[in-house]
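Position one of the sequence shown corresponds to residue 286 (our numbering), numbered consecutively onward.
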Amino acid sequence: MIDASAAASLAAGPGQTAPGDFWIGWRRQIDALASAGFRVIVPDQRGYNTSDKPKAIREYTLPKLVGDVVAIADALGIGRFHLIGHDWGGIVAWAAGAKLPHRLERLVILNAPHPEVLLAHSLRSPTQFLRSSYAAFFQFPLLPEAVLGAGHSALLARALIKSSRTDAFTAEEIAEYRQAWERPGALTVMLNWYRALRFRPSLKQRITTPTLVLWGMQDQALEYGLAERSLALCNDRGLQTFEKATHWAQREEASAMNAALLAFLDG
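The following block contains the structure:
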């Protein structure tokens, strides 16, 4: 999140390829943005890591999550700001773009489809439909928690490693992720983000905030077509791809990513 007067950047991002990303996903961006004069706010979204974990599924609907963005900005006395989001954080950022044009200066989305686009594209693309099928498993009660939590969150750790390049995460960072996933009640509320999709609101408003989509082309979970279809909903739009990056482009191509962010936010 970047304050329009002082400059601040709110980076939000839970993960989709491996559910359970939190603030450290932005670790390689914070210094670059702060050194350029931006006030950088990098929260754990609700349910993740040290954030509060309300139990009800409806607590993870997009209006609630966009409300969290507003509440953070208001608590810090920030009127207008830039908003940056990756994956689930990107979906929240898209929703904020539809609902909060009066608060946003610029919007940056990393490997995340607009909520209106994901279902429509999946119904037209068998490949994307299969890639997204794990979300159906997450709708079951209790069983997904048991599977994902088994063996010291082995499946989640494996998904994080297999969906990224070898330079994306250190062993110490994988341990930090495991610690976050294993907090009491964490897996259930992380999965509630998916379970709340049944209550998804209509977000058909065009995005009028200047928007930049950054996309790692080797993403195993999300097809590039999602980026193109999402951009079609924006009035003022730009796109930059990272040919060798995966779903975790901000970690794998940090220097190029930071340069793209600074060029756009300073523009």
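Think of the CB as a built atom: it goes at the ideal place given N, C-alpha and C, for glycine as much as any other residue.
Everything numeric in this text was worked out from a predicted model, so none of it was measured.
Point to revise | the region 349-367 contacting the region 464-472, beta-carbon criterion three pairs below 8 angstroms | key: no
Point to revise | Boundaries (first-last residue) of the beta strand (DSSP E) holding residue 367 | key: In the sequence shown, counting from the first residue as 1, residue 367 sits at position 82. Per DSSP, residue 367 belongs to the beta strand (DSSP E) from 366-371.
Review point. Considering only the beta carbon of each residue, do residue 488 and residue 426 sit closer than 8 angstroms?
Key: The residue labelled residue 488 in the question sits at position 203 within the sequence shown. The residue labelled residue 426 in the question sits at position 141 within the sequence shown. Going by C-beta atoms, residue 488 is not nearer than 8 angstroms to residue 426.
Exercise for review: Tell me whether residue 414 is buried or exposed, calling it buried when 16 or more other Cβ atoms sit within 10 Å of its Cβ.
Suggested key: Working through the sequence shown from its first residue, we reach residue 414 at position 129. Classification of residue 414: exposed, given that the 10 Å Cβ count is below 16.
Review point. I think residue 397 touches residue 379, with their Cβ atoms under 8 angstroms apart; what is that distance to the nearest whole Å?
Key: Here residue 397 refers to the residue found at position 112 when the sequence shown is read from its first residue. Here residue 379 refers to the residue found at position 94 when the sequence shown is read from its first residue. That pair is a contact at about 7 angstroms.
Check your understanding: Can you tell me the Cα-Cα spacing of residue 322 and residue 550, whole angstroms?
Key -> Here residue 322 is taken as the residue at index 37 of the sequence shown, counted from 1. Here residue 550 is taken as the residue at index 265 of the sequence shown, counted from 1. Straight-line Cα distance between these residues: approximately 11 angstroms.
**Study point:** 4 or more residues per run - each alpha helix (DSSP H) lying fully within the region 420-495
**Key:** 428-447, 456-466, 471-480
Check your understanding: Fully enclosed by the region 337-386, which beta strand (DSSP E) runs are 3 residues long or longer?
Key -> 366-371
Practice item. Report whether the distance from the Cβ of residue 505 to the nearest heavy atom of the ligand GDP is below 7 angstroms. Key: Absence of the ligand GDP from the depicted structure is noted, as is the absence of any ligand whatsoever, leaving it without description.
Review point. Between the region 503-515 and the region 343-353, do three or more beta carbon pairs fall short of 8 angstroms?
Key: no
Practice item. For residue 234, count neighbouring C-beta atoms within 10 Å of its own C-beta (all shown protein chains included) and say buried if the count is 16 or more, exposed if not. Key: Only positions 286 to 552 of the chain appear in the structure, and residue 234 is not among them; the question remains open.
Point to revise | Closest residue to residue 459 among 334, 471, 445 (Cα-Cα distance) | key: The residue given as residue 459 occupies position 174 in the sequence shown. That would be 445, whose Cα lies nearest to the Cα of residue 459.
Review point. CA-CA distance, residue 370 and residue 435?
Key: Taking the first residue of the sequence shown as 1, we reach residue 370 at position 85. Taking the first residue of the sequence shown as 1, we reach residue 435 at position 150. Looking at the two C-alpha atoms, the distance is approximately 29 angstroms.
Point to revise | Alpha-carbon to alpha-carbon, residue 538 and residue 313 | key: For the purposes of this step, residue 313 is identified with residue 28 of the sequence shown, where counting begins at 1. For the purposes of this step, residue 538 is identified with residue 253 of the sequence shown, where counting begins at 1. Approximately 9 angstroms between the Cα atoms of the pair.
Exercise for review: Using 10 angstroms around the beta-carbon of residue 496, count the other beta-carbons present and answer buried if the total reaches 16, otherwise exposed.
Suggested key: Taking the sequence shown and counting its residues from 1, the one referred to as residue 496 is at position 211. So residue 496 counts as buried.
Point to revise | Contact set for residue 423: own chain, Cβ-Cβ below 6 angstroms, skip 5 residues either direction | key: Translated into positions along the sequence shown, residue 423 becomes position 138. Same-chain partners within the cutoff: 429, 476, 479.
Exercise for review: State the beta-bridge partners of residue 501 as determined by DSSP.
Suggested key: For the purposes of this step, residue 501 is taken as the residue at position 216 of the sequence shown. Beta-bridge pairing links residue 501 to 527.
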